[in-house]
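Contents: one structure, followed by commentary.
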Amino acid sequence: MLTRSLHRFFIRSTLLGLVALFLGSCTTAPRPPQEKASGALVPQRVDTFVGNSSAKAYARRTVDDFLAQQGQSLNRYVTAETNIFEFKDARLVQRLQQKWAAAKTEGFKVAHFGDSLVQGGYAAEIARNRLQSIGGSAGRGMVFPYSIAKTYSQNDYKSTFSGEWATANSIQQTPRLPLGVSGFVARTSGADASFTLNFVSTPEPGKKLVKFFYVATSTAFTLRVQSGNFVHDVVVPSGGTQPRSQMLTLSFPELSDTLRFELRNASPNSGGYFEVHGVSIENTTPGVMYHNLGVGGATYSALLAQTYFEEQSAQLAPDLIVLDWGTNDLVYKNSIAPDLEKIMVQTIKRVKAKHPQAVILITSAQDMNFRRKNITAAWDFAELARRVAFENDCLFYDWYRVAGGRGAMTIWTAYGLASTDNIHLTGIGYAVKGDLLAQSLLNTLERFKREPAIKSLEIKTTVNIQPHSVVGWLKELSPVPNKRIFYR
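In structure tokens form, the structure reads like this:
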């Protein structure tokens, strides 16, 4: 009897031990990132394929792809002491650090506003890829069918369209149509209209959410969205006769290199219209999302003209907002307009009112030449931007200094990093700028981690060519200017 009891006790103890071991392993095992609850519409699978079945496979490019493997030397030369955000209040960096630490679990979203130096996309692509390689990828972010607006696209896709469209954008003193966060809008009221986004390569693998920002004043519109073998047919919800911004979320098991949008209007003579404000392409898992919101030719007043800024930026929910204008405010008159500071402050206040917990980063503009004359006001703007940032609780990134200071543009052009107009950059130059921007964020967080008691950081500088800048790096690579230095 005793032997049988001991036997039962041994079995019971063994089973309890195994259960405890199993539960312990379940508790300590790392969990994969959780998919976002999207409430997205589910597509149908069809036989017809939209896209190029032999499209180039997705690859996350880095600055080394542009610099013939000189990316590491760039970040060694342009040191962390040089390439860093400046701040008057360390609590901003502490907030940024907390948001960045949650990138892989909750996401880290960047909304980068700016002008043509942003719209082209190379700098944003390299910054996005650099940060996503560390914090995980939450997707491509905002895109727009720029061909409708008769302007250039971002570097990783092109667009085509059909039908009759009216457009507006942020470079207009008074936009002809209401704008949103992309800075562009396309309106149609015809019976049929469409646009297609053709990407250079297939998107990164995995499930996708396509978030479509629009305004519709009629229930007569139907929308077909297709990529690969997956299609959505949607009766578009209307905001009523009073226009209001809305967002439609569509799920896709995967995307091909092509995303096609087709609109049908059952009542083309009713006076109702449909506006496209942009498309955000997102993954279903958290990580870094980097929205390129540049508009070529835009000035600092651009965001103030966005009717739907509050509604649409709330959908983006940015953690870091980069305000990156200045070039077009300076270049034509080589002076700072009397009302520029007021406009900058108004822009910051509008952003803060909607996103009080976001961190705002103000940048300076790069040295430039116009009609063979140096734009000396770029230095004055750098000083103004630093002061405005510090007085309005923003971070400051002195790109004027990091790029090299006064005279830097002539040297950038001589080495093939800037175009012959001495204002815009080449693909290589934008890649350098994007990589250094991402690295400056990482340098700032590392500095705060290493020196948690730091209260503020301001770098005293002069107008002249700066040590440990991009110009210094170029001269170290080749004392004699060489436009082919980065070609394999």
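Quick note: this note's numbering has the sequence shown finishing at residue 718, numbered continuously throughout.
Cβ coordinates follow ideal geometry from the N, Cα and C atoms, glycine included.
Just so we're clear, the structure is a prediction, and the values are computed from it rather than from any experiment.
Whose C-beta lies closer than 6 angstroms to the C-beta of residue i among residues of the same chain, with five residues either side of it excluded?
{"i": "Arg-370", "result": "Ile-511"}
{"i": "Asn-599", "result": "Met-639 and Asn-652"}
{"i": "Ser-486", "result": "Gly-281, Ser-457 and Gly-458"}
{"i": "Leu-489", "result": "Leu-427 and Ser-457"}
{"i": "Pro-711", "result": "Ala-644 and Tyr-645"}
{"i": "Glu-492", "result": "Ser-424 and Arg-454"}
How many angstroms separate the CA atom of residue i from the CA atom of residue j?
{"i": "Thr-278", "j": "Gly-634", "result": "53 angstroms"}
{"i": "Lys-380", "j": "Ser-686", "result": "45 angstroms"}
{"i": "Leu-570", "j": "Tyr-530", "result": "8 angstroms"}
{"i": "Tyr-562", "j": "Thr-606", "result": "12 angstroms"}
{"i": "Asn-522", "j": "Phe-442", "result": "16 angstroms"}
{"i": "Ala-287", "j": "Gly-281", "result": "13 angstroms"}
{"i": "Ala-320", "j": "Ala-423", "result": "51 angstroms"}
{"i": "Asn-313", "j": "Leu-304", "result": "11 angstroms"}
{"i": "Thr-452", "j": "Ile-658", "result": "43 angstroms"}
{"i": "Thr-404", "j": "Gly-526", "result": "16 angstroms"}
{"i": "Ala-746", "j": "Trp-395", "result": "In the structure as shown, the chain begins at 231 and stops at 718. Residue 746 is therefore absent and cannot be evaluated."}
{"i": "Gly-436", "j": "Gln-362", "result": "15 angstroms"}
{"i": "Gly-470", "j": "Phe-317", "result": "45 angstroms"}
{"i": "Val-465", "j": "Ser-670", "result": "45 angstroms"}
{"i": "Gly-517", "j": "Ala-341", "result": "14 angstroms"}
{"i": "Ser-481", "j": "Gln-576", "result": "37 angstroms"}
{"i": "Val-276", "j": "Met-477", "result": "25 angstroms"}
{"i": "Val-618", "j": "His-654", "result": "25 angstroms"}
{"i": "Ala-285", "j": "Leu-439", "result": "21 angstroms"}
{"i": "Trp-703", "j": "Thr-593", "result": "21 angstroms"}
{"i": "Val-272", "j": "Asp-386", "result": "27 angstroms"}
{"i": "Ser-412", "j": "Arg-406", "result": "15 angstroms"}
{"i": "Ala-683", "j": "Ala-332", "result": "22 angstroms"}
{"i": "Ala-567", "j": "His-462", "result": "49 angstroms"}
{"i": "Ala-484", "j": "Val-662", "result": "For clarity, residue 484 is Glu in the given sequence; the question names Ala instead. Going from the Cα of Glu-484 to the Cα of Val-662 covers about 31 angstroms."}
{"i": "Ala-259", "j": "Arg-306", "result": "Any reading at Ala-259 must be qualified, since the residue scores a pLDDT of 39, below 50, and its modelled position is unreliable; the value itself is stated next. Straight-line Cα distance between these residues: approximately 38 angstroms."}
{"i": "Leu-347", "j": "Phe-504", "result": "30 angstroms"}
{"i": "Glu-434", "j": "Thr-537", "result": "33 angstroms"}
{"i": "Phe-720", "j": "Ala-310", "result": "Outside the shown range of the chain, which is 231 to 718, sits residue 720, and nothing can be said about it."}
Between residue i and residue j, how many whole angstroms is the CB-CB distance? I'm expecting something under 8 angstroms.
{"i": "Ala-450", "j": "Ser-497", "result": "4 angstroms"}
{"i": "Ile-356", "j": "Val-293", "result": "6 angstroms"}
{"i": "Gly-330", "j": "Gly-365", "result": "Looking at the sequence shown, residue 330 is not Gly but Trp. With 8 angstroms as the limit, Trp-330 and Gly-365 qualify as a contact, their Cβ atoms being about 7 angstroms apart."}
{"i": "Phe-429", "j": "Ile-378", "result": "With 8 angstroms as the limit, Phe-429 and Ile-378 do not qualify as a contact, their Cβ atoms being about 17 angstroms apart."}
{"i": "Gly-350", "j": "Tyr-660", "result": "6 angstroms"}
{"i": "Val-506", "j": "Arg-474", "result": "No, Val-506 and Arg-474 are not in contact; Cβ-Cβ is about 15 angstroms, not under 8 angstroms."}
{"i": "Gln-300", "j": "Leu-707", "result": "7 angstroms"}
{"i": "Phe-611", "j": "Leu-560", "result": "6 angstroms"}
{"i": "Lys-334", "j": "Met-519", "result": "Actually they are not in contact, since the Cβ atoms of Lys-334 and Met-519 sit about 13 angstroms apart, beyond 8 angstroms."}
{"i": "Ser-448", "j": "Ser-468", "result": "6 angstroms"}
{"i": "Phe-315", "j": "Leu-625", "result": "5 angstroms"}
{"i": "Phe-374", "j": "Gly-508", "result": "5 angstroms"}
With a threshold of 8 angstroms on Cβ separation, who are the neighbours of residue i within its own chain once the five nearest residues in sequence on each side are excluded?
{"i": "Lys-705", "result": "Ile-641"}
{"i": "Arg-636", "result": "Asp-597, Asn-604, Thr-606, Ala-608, Trp-609, Val-693, Asn-694 and Ile-695"}
{"i": "Arg-325", "result": "Gln-587 and Val-589"}
{"i": "Asn-359", "result": "Arg-290, Arg-291 and Thr-292"}
{"i": "Thr-656", "result": "Gly-646, Leu-647, Ala-648 and Ser-649"}
{"i": "Lys-584", "result": "Phe-539, Glu-540, Ser-543 and Ala-544"}
{"i": "Phe-716", "result": "Phe-296, Leu-297, Ala-298, Gln-300, Gly-646 and Ile-658"}
{"i": "Ser-699", "result": "Val-308, Thr-312, Arg-631, Val-632, Ala-633, Gly-634, Gly-635 and Ala-638"}
{"i": "Leu-675", "result": "Val-323, Leu-326, Gln-327 and Trp-330"}
Only counting the same chain, and skipping five residues up and downstream in sequence, which positions put a Cβ closer than 7 angstroms to that of residue i?
{"i": "Asp-623", "result": "Asp-319 and Leu-322"}
{"i": "Met-231", "result": "The predicted model places Met-231 with a pLDDT of 39, which falls under 50 and marks its position as unreliable; any figure quoted below should be read in that light. Nothing meets the Cβ criterion."}
{"i": "Thr-257", "result": "Note on Thr-257: pLDDT 37, under 50, position unreliable in the model; the coordinate value appears next. Closer than 7 angstroms at the Cβ level, and outside the excluded window around Thr-257, lies no residue."}
{"i": "Ala-535", "result": "Ser-400, Pro-405 and Leu-409"}
{"i": "Ser-565", "result": "Ala-607"}
Taking 7 angstroms as the cut-off, is the beta-carbon of residue i closer than that to any non-hydrogen atom of the ligand COA?
{"i": "Phe-338", "result": "What this structure holds is no ligand at all, so the ligand COA is not there to describe."}
I'd like the ranges of any alpha helix (DSSP H) spanning at least 4 consecutive residues and lying wholly in the region 310-391. 320-331, 346-349 and 352-365
Enumerated in chain order, which unbroken segments of the alpha helix (DSSP H) with a length of 4 residues or greater are wholly contained in the region 510-596? 539-546, 557-560 and 570-584
Count Cβ pairs between the region 540-547 and the region 414-423 that sit closer than 8 angstroms; are there 3 or more? No contact exists between the region 540-547 and the region 414-423.
Check whether the region 613-633 touches the region 661-678, taking contact to mean three or more Cβ pairs, one atom from each stretch, closer than 8 angstroms. yes
Any chance you could list the alpha helix (DSSP H) runs of at least 4 consecutive residues sitting entirely within the region 406-482, in chain order? none
Can you check the region 665-718 for any alpha helix (DSSP H) of at least 4 residues that lies completely inside it and give the ranges in chain order? 700-707
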